[in-house]
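4 is the number of the first residue of the sequence shown in the working numbering; add one for each residue after it.
A quick write-up on the structure given underneath.
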Amino acid sequence: MLWQPCQGGQYAESPLETAALTIFLYPRMLGCAAEIDDHLNRGRNMDMRTPASQCQFVA
C-alpha cells in the first residue's frame with residue numbers, strides 16, 4: 004500500500020519506519036497488558052481457558 008509511493012519519493016523512509024513500528028507496538032503492548040491481567044485476575048490455578056461466551060475483541 005505504501006511501497007510504491009515510498010519508492011516514488013512521496014514518503015521519506017524514516018516516517019514509514021516509525022509508522023510501522025507504532026503499528027506493531029500498540030497491539031503488542033495491548034496483548035502484554037491482557038496477558039498480565041489474565042494471570043493476575045484468574046490465572047493462579049493456571050487454567051487459562053476462557054469460555055467462548057466471555058470472549059471479546061478490542062477495536
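No residue lacks a Cβ here, since even glycine has one placed at the ideal position from N, Cα and C.
Quick one: Cα of SER17 to Cα of CYS9, how far? Position 14 of the sequence shown, counting from 1, holds the residue named residue 17. Position 6 of the sequence shown, counting from 1, holds the residue named residue 9. When rounded, the separation of the alpha-carbon atoms in SER17 and CYS9 is 10 Å.
What first and last residue would you give for the alpha helix (DSSP H) that runs through GLY34? Start at 1 with the first residue of the sequence shown, and residue 34 comes out as number 31. Counting along the chain, GLY34 sits inside the alpha helix (DSSP H) bounded by residues 16-45.
Among residues of its own chain, excluding the 5 on either side of LEU43, which ones have a beta-carbon nearer than 7 Å to its beta-carbon? Working through the sequence shown from its first residue, we reach residue 43 at position 40. Exclusion of the five residues before and after LEU43 leaves no residue of its chain whose Cβ lies closer than 7 Å to its Cβ.
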